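Using numbering that gives the first Met the number 0, count along the sequence shown one by one with no gaps and you end on 297.
From the three backbone atoms N, C-alpha and C, an ideal C-beta is built for every residue, glycine too.
All values derive from a computational prediction rather than experimental measurement.
Scroll down for the structure; my scribbles are underneath it.
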Amino acid sequence: MQATDASGKQRTYGFELVFFQALRSSLPAVRPAHFAITDISRNEFHYDQRSMTAFGQSRPDGQSTQGINVRVGDWAAQGLNGKDHLTAAMQDYAINLNLTGQKDATLHNGNGLITYGLGGFSYYYSRTRMAVAGTLMDHNQPLKVTGTAWMDHQWGNFLTLGGGGWDWYSIQLNNNTELMLYVIRDASGKTISTYAGYTTADAKSVVLPEQALHLEALDTWVSPKTGIRYPSGWRVEIKDPHLQAALTIQPLLKNQELVVQKSTGNIYWEGAVSIKGQNHGHSIAGEGYVELTGYKKS
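Here's what the structure looks like:
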């Protein structure tokens, strides 16, 4: 997101607002949430976490046509048919944003169903390009912001298998196309699933063959807080009739780690990245987010 402050200075931000829900048997629903701001102009990363237990609240019946309506405390997300509204606040930062889908939703894997083997399955779609407009409060200064966002919605009867992890990439290129990539690893670090989904400029969804994708980490970063070593910077090559691309992805800040053991019980890296490269021989650039889970201390 971009804004102009009271002094006329251009400011740039990334943001993440995510709501989780865990339903098991007849137990009350557990609803954690994470909110993060990458303040690129200040070279700072800030986040907060919350969790609530939904005693006595109705459970979804799987037949709702009322869209998304989730809340954890005063953090909230409402949305229907590609029009979403987000509100959240933490120390020094708050958002009040309207998101409008620029394309139809992308159903991942062609039909919106992702399997996890023994872990179960999930439904999964994304709105890969949403226009953002609204207000960001930065240290008590309200700023009108505009930009582009990505929205994921995933749900189903599944468990993430213990000890493993994944690398997830959302990529928005400046030719109005998008990529979602992920690599899932087991507890030994072995890759057990690779996925590459491409959304064309006219909003067609293409699942690229696994062998078309090559990912290589360019560097590592060790968290001074947790001692966990993460990959940091990537080379992505895709060779397919739909896409002939060589992309370099770099984090806009090295430290975008969330230590959220009080809510979801884990530690992960998720943050804003820049993208440069070539597509079918032409220069291309973009922006995106990368999520890294399951990494250990070096």
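Backbone CA spacing between residue i and residue j [nearest angstrom]
i	j	result
residue 60	residue 148	In this prediction, residue 60 has a pLDDT of 47, which is less than 50 and means its spatial position is unreliable; nothing more can be read from the coordinates.
residue 251	residue 110	33 Å
residue 170	residue 88	26 Å
residue 240	residue 223	43 Å
residue 10	residue 261	31 Å
residue 221	residue 294	11 Å
residue 182	residue 139	40 Å
residue 263	residue 280	43 Å
residue 57	residue 28	Note that residue 57 scores a pLDDT of 48, beneath 50, so its modelled location is shaky and nothing firm can be said.
residue 95	residue 75	10 Å
residue 209	residue 50	37 Å
residue 106	residue 197	11 Å
residue 188	residue 233	18 Å
residue 38	residue 2	11 Å
residue 98	residue 65	17 Å
residue 155	residue 5	45 Å
residue 194	residue 205	11 Å
residue 275	residue 246	6 Å
residue 108	residue 150	17 Å
residue 287	residue 120	26 Å
residue 7	residue 291	35 Å
residue 235	residue 165	16 Å
residue 17	residue 254	19 Å
residue 77	residue 85	7 Å
residue 153	residue 284	28 Å
residue 21	residue 40	36 Å
residue 55	residue 259	Confidence at residue 55 is low in this model, with a pLDDT of 49, below 50, so the placement of that residue is unreliable and no value is reported for it.
Bridge-paired residues (DSSP) for residue i
i	result
residue 268	256, 291
residue 188	DSSP output for residue 188 lists no bridge partner at all.
residue 39	None, per the DSSP bridge assignment.
residue 148	129
residue 281	278
residue 119	157
residue 273	249, 286
residue 196	179, 206
residue 296	227
Nearest-angstrom beta carbon gap, residue j and residue i [assumed within contact, 8 Å]
i	j	result
residue 30	residue 14	Wrong, their Cβ atoms sit about 20 Å apart, outside the cutoff.
residue 91	residue 45	7 Å
residue 180	residue 217	Not confirmed; about 15 Å, so no contact.
residue 126	residue 104	5 Å
residue 123	residue 113	5 Å
residue 144	residue 12	7 Å
residue 207	residue 242	7 Å
Close Cβ partners of residue i (< 7 Å) along its chain, the five nearest in sequence each way excluded
i	result
residue 128	101, 102, 147, 171, 177
residue 200	174, 175, 176
residue 42	252
residue 249	232, 272, 273
residue 219	228, 229, 230, 231
residue 238	211
Spatial neighbours of residue i in its chain, beta-carbon cut-off 8 Å, leaving aside the 5 residues before and after
i	result
residue 257	33, 35, 46, 48, 266, 267, 268, 269
residue 141	134, 135
residue 163	183, 184, 185, 186, 191, 293
residue 79	65, 66, 67
residue 52	27, 28, 29, 30
Own chain, CB closer than 6 Å to residue i, minus 5 neighbours either side, in chain order
i	result
residue 296	226, 227
residue 167	181, 290
residue 278	244
Any non-hydrogen atom of the ligand NAP closer than 8 Å to residue i Cβ
i	result
residue 166	The ligand NAP is not among the ligands present in this structure, which contains no ligands whatsoever.
Worksheet item: Which full runs of the beta strand (DSSP E) of 3+ residues lie inside the stretch 44–106, going along the chain?
Response: The DSSP assignment places 67–71, 74–79, 82–89, 92–100 as complete runs of the beta strand (DSSP E) inside the stretch 44–106, in order along the chain (cut-off: 3 residues).
Discussion item. So within the stretch 1–33, which uninterrupted beta strand (DSSP E) runs reach at least 3 residues, ignoring any that extend past its ends?
Written reply: Fully enclosed beta strand (DSSP E) runs of no fewer than 3 residues occupy 1–3, 9–18 of the stretch 1–33, in order along the chain.
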